[in-house]
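Residue numbers (full-length UniProt numbering), protein chains in the order written: chain A, 1 to 726; chain B, 1 to 175. Ideal Cβ placement from N, Cα and C applies to all residues, glycine included. Working notes, beginning with the structure itself.
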């Protein structure tokens with residue numbers, strides 16, 4: 001057997017290496033497990049580093065820039081300033097109470113890591129810590145997945161779960177290096193909370209329930225998706241009660257977790273008293289009271305010796321309890337103390353709600369429902385393994401497997417409703433698929449190792465062994481069965497290797513783009529980088545007065561504030577729909593009406609994103625209809641059909657006259673009519689829409705062009721002061 | 001839940017008089033006095049249906065059906081309402097040809113392509129289930145062999161077809 005030259009212990013094989021170290025089988029197994037976990041830990045980290053290696057260590061997308069700015073503030077000014085921070089640089093003139101309207105978990109975590117590293121005298125910049133926080137927590141998630149798999153099934157399933165979740169594209173998409181967003185930390189907290197809760201239910205120990213409450217507190221501090229936990233756990237408890245698995249362990253676990261978790265969650269200012277006031281949290285409270293009723297009835301049954309009397313008592317109690325609960329819920333909802341489900345979460349239960357009522361939620365591309373190809377892209381082989389894993393869970397029902405089945409099903413349904421929630425489904429899918437893989441491979445290896453000796457060591461944990469069948473059947477079939485099993489094992493390894501190839505390809509091609517830096521293939525196949533966004537923000541930072549106000553569509557607000565260091569009118573927080581509608585109205589009106597609106601908002605500069613020269617398709621002209629819809633939702637003077645021709649959205653000569661003269665059109669295509677963008681096409685050919693624009697001779701009366709980036713992607717205009725009166 | 005039949009023989013109070021006054025239920029006593037002292041309920045032979053929990057495998061098959069629907073993108077179909085199958089017009093002959101896979105985007109589909117892909121995934125999962133069933137020791141050998149071969153065939157077909165679908169859908173897949 002060939003060994004590498006660096007192997008100093010020149011033993012002829014690995015087993016004799018172990019023998020030379022005098023390891024027993026159990027220690028060998030431990031060594032193998034620890035090695036695998038270590039390799040998986042490193043793998044999860046390095047597979048997320050594509051964009052850092054290709055471009056540089058920078059923050060991606062839009063939301064992470066806000067988180068980065070907040071973390072910078074926290075490390076510079078300290079906790080007291082952070083909690084009381086009122087930011088007047090965004091949502092001008094309203095401002096934003098940042099201390100009370102964010103989930104601080106991510107920023108506090110990054111700040112703690114930063115201070116720890118600084119304490120050890122490594123002088124790192126806060127940006128590097130922010131960029132690498134998400135991969136670090138992804139590695140930690142693989143460890144939690146291992147322990148969870150061990151709890152659900154056995155150590156083999158735990159190891160497979162760790163490997164699957166380390167490279168699963170559904171998780172990587174939101175936790176690459178540079179994606180400094182809440183989900184990077186929140187998925188770790190989610191899986192940790194679930195693991196600790198299942199451990200508490202399995203052992204009935206108060207310590208594990210306490211740990212689970214703290215895990216829940218970390219989750220509440222990290223992400224608004226904690227509502228999923230506070231609804232899934234009561235649902236799980238209900239299912240256990242219905243199936244008849246009520247036990248003292250469940251009672252201890254749920255009560256401790258719920259009460260302590262609720263009290264801890266109220267420490268986050270943004271959450272506040274929602275656990276007792278909001279409709280989304282009422283299920284947990286209802287189940288809490290139901291558990292007390294169950295315990296009470298159990299105790300009465302234990303004390304009474306008469307079953308008939310107990311039946312009567314049962315009927316009275318259940319009727320009273322249900323009646324009281326319904327009355328309390330009714331009074332709470334009617335008096336307004338319990339608020340109804342917010343639109344964001346209600347649209348998960350009724351997916352058609354957002355489309356009709358809340359256009360701003362419907363406009364985000366991440367909130368679209370999921371098509372089959374998104375599932376395939378993010379899960380690959382796991383989609384085949386998921387139903388098989390469910391089958392194995394149903395074969396060996398226990399408290400833990402019921403939990404993972406419920407988690408898997410609810411999260412898959414929500415993933416079907418919204419693409420972004422594939423992230424929440426990923427741990428469940430990985431765990432259940434790991435159970436399928438582990439159980440199948442265990443079956444196959446038992447077939448391979450089955451010998452017709454009497455001392456067969458089949459320790460079949462819930463999976464059937466073929467011992468009896470091989471002994472009962474003819475001996476001639478035994479070698480055939482063995483070959484078949486080896487072939488199937490090779491097939492399984494082939495499928496898993498294809499999964500790894502797919503995941504790495506997807507990570508490299510699709511999920512490692514910083515979005516703020518665009519890349520394309522040039523004419524000769526070389527890579528062309530468009531760094532226009534940062535160019536424009538840096539220009540803003542250096543060439544405008546420090547108190548200048550910038551108006552743009554809300555997508556770019558966080559980036560402008562973080563990198564351009566200027567006040568914006570609206571940003572990605574989208575908490576004030578009317579303010580956004582005002583900006584939308586300004587963008588869709590004629591120049592003079594828009595000038596009035598801009599004067600009323602004290603706007604000094606307007607920023608638009610234009611993709612006509614490069615063919616960049618996520619520019620403001622393509623988003624324009626959303627501006628019209630959102631503006632029209634609040635100001636009925638803006639009507640969407642005015643901008644369409646026969647229901648079609650066009651920018652060429654046949655476009656609607658209102659479209660050809662609105663502010664957005666003018667700002668995007670100013671001076672564009674003189675530019676030749678593509679060989680053989682007339683000047684003013686819009687490469688993103690593929691048409692020649694309709695109105696080439698644009699004159700601006702109230703604005704003047706201040707800056708256009710080198711590829712015309714970002715264009716900044718200065719609002720002229722009003723004319724002198726005479 | 002205990003059956004409700006207790007109130008009926010007790011309301012026809014002549015049958016078992018001792019039982020009536022032993023009950024501790026206040027609502028029962030109230031009902032006994034107020035309407036049912038002068039109203040006589042008819043004698044019916046009603047029985048509450050016995051609600052038994054379905055077996056694990058029944059629940060599993062229902063879940064498999066739901067999984068098939070979710071993974072086929074049924075929510076996308078309901079909200080976005082794409083056509084069942086797309087069509088393109090041949091530039092030169094003018095004839096209308098069907099297009100099965102929606103080109104250009106990862107997150108978009110026609111209804112038929114969603115359903116067929118979902119079917120492939122469920123087929124693959126079911127193949128693995130068949131493989132496990134084939135190892136059950138309590139079956140006849142021929143049944144086990146047919147299960148095993150059906151399982152392997154299902155997995156192979158499902159994987160090959162899924163790969164084919166994704167290659168058609170995303171032209172640059174894998175390099």
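Residue 234 of chain A sits in a helix when the DSSP states are folded into three classes. By the Cβ neighbour-count rule, residue 168 of chain A is buried, with 16 or more other Cβ atoms within 10 Å of its own.
In chain order, 383, 384 make up the part of chain A whose C-beta sits under 7 Å from the C-beta of residue 121 of chain B. Here residue 549 of chain A is near residue 604 of chain A, since their CB atoms are less than 9 Å apart.
Taken atom to atom, the span from the alpha-carbon of residue 167 of chain B to that of residue 392 of chain A is near 31 Å. For residue 422 of chain A, the closest of A/484, A/225, A/529 by C-alpha to C-alpha distance is A/225. For residue 370 of chain A, the chain B residues whose Cβ falls inside 8 Å of its Cβ are 73, 75, 76, 107, in order along the chain. At a cut-off of 9 Å between C-beta atoms, residue 118 of chain B counts as an interface residue with respect to chain A. With fewer than three CB-CB distances shorter than 8 Å, the stretch 68 to 84 of chain A does not count as touching the stretch 583 to 590 of chain A. Taking a contact to require three or more Cβ pairs closer than 8 Å, the stretch 91 to 98 of chain A and the stretch 152 to 162 of chain A do not qualify as touching. For residue 23 of chain B, the chain A residues whose C-beta falls within less than 8 Å of its own C-beta are 312, listed in chain order.
Here residue 542 of chain A is exposed, its C-beta having fewer than 16 other C-beta atoms within 10 Å.
Look at residue 61 of chain A: its C-beta is not under 9 Å from any C-beta on chain B. As far as DSSP is concerned, residue 430 of chain A takes part in no beta bridge. Taking a C-beta distance under 9 Å as the contact criterion, residue 537 of chain A and residue 62 of chain A do not qualify as a contact pair. DSSP, reduced to helix, strand and coil, places residue 671 of chain A outside both helices and strands of the structure shown, so it counts as coil.
Secondary structure in the UniProt domain "STT3/PglB/AglB core" (549 to 607) of chain A: the alpha helix (DSSP H) runs of 4 residues or longer, each lying completely within the stretch, are 577 to 588, 591 to 600 in chain order. Per the C-alpha coordinates, the member of A/217, A/526, A/108, A/60 positioned closest to residue 83 of chain A is A/108. Neighbourhood of residue 161 of chain B in chain A, by CB distance below 7 Å: empty, with the nearest CB roughly 11 Å away.
In the structure shown, the three-state DSSP call for residue 358 of chain A is coil.
Closest in alpha carbon position to residue 641 of chain A, among A/631, A/627, A/656, A/633, is A/656.
Taking the C-beta atoms as reference points, residue 180 of chain A is found no nearer than 9 Å to residue 144 of chain A. Residue-level contact check: residue 565 of chain A does not touch chain B, since none of the beta carbons of chain B fall below 9 Å from its beta carbon. When Cβ-Cβ separations below 9 Å define contact, residue 147 of chain B makes no contact with chain A.
By the Cβ criterion, the stretch 207 to 225 of chain A is in contact with the stretch 247 to 261 of chain A, since at least three pairs of Cβ atoms, one from each stretch, lie closer than 8 Å.
Below the 7 Å Cβ cutoff, chain A contributes 373 as neighbours of residue 169 of chain B, in chain order. The stretch 594 to 608 of chain A makes no contact with the stretch 677 to 690 of chain A, as fewer than three CB pairs between them are under 8 Å. Between the C-alpha atoms of residue 499 of chain A and residue 63 of chain B there is a straight-line separation of about 25 Å. By the Cβ-count criterion, residue 372 of chain A is buried, with 16 or more other Cβ atoms from all chains shown falling within 10 Å of its own Cβ. Residue 320 of chain A sits in a helix when the DSSP states are folded into three classes.
When A/283, A/701, A/427 are compared, the shortest CA-CA separation from residue 404 of chain A is found for A/427. In the structure shown, residue 342 of chain A adopts coil according to DSSP, grouped into three states. Nearest CB-CB separation between residue 155 of chain A and chain B: not below the 9 Å threshold.
Between residue 106 of chain B and residue 45 of chain A the beta-carbon gap is near 26 Å, outside 8 Å, which marks them as no contact.
Remark: fewer than three beta-carbon pairs, one from each stretch, lie closer than 8 Å, so the stretch 323 to 338 of chain A and the stretch 35 to 49 of chain B are not flagged as touching.
Counting only Cβ-Cβ distances below 7 Å, residue 70 of chain B has contacts in chain A at 412, 413, 416, in chain order.
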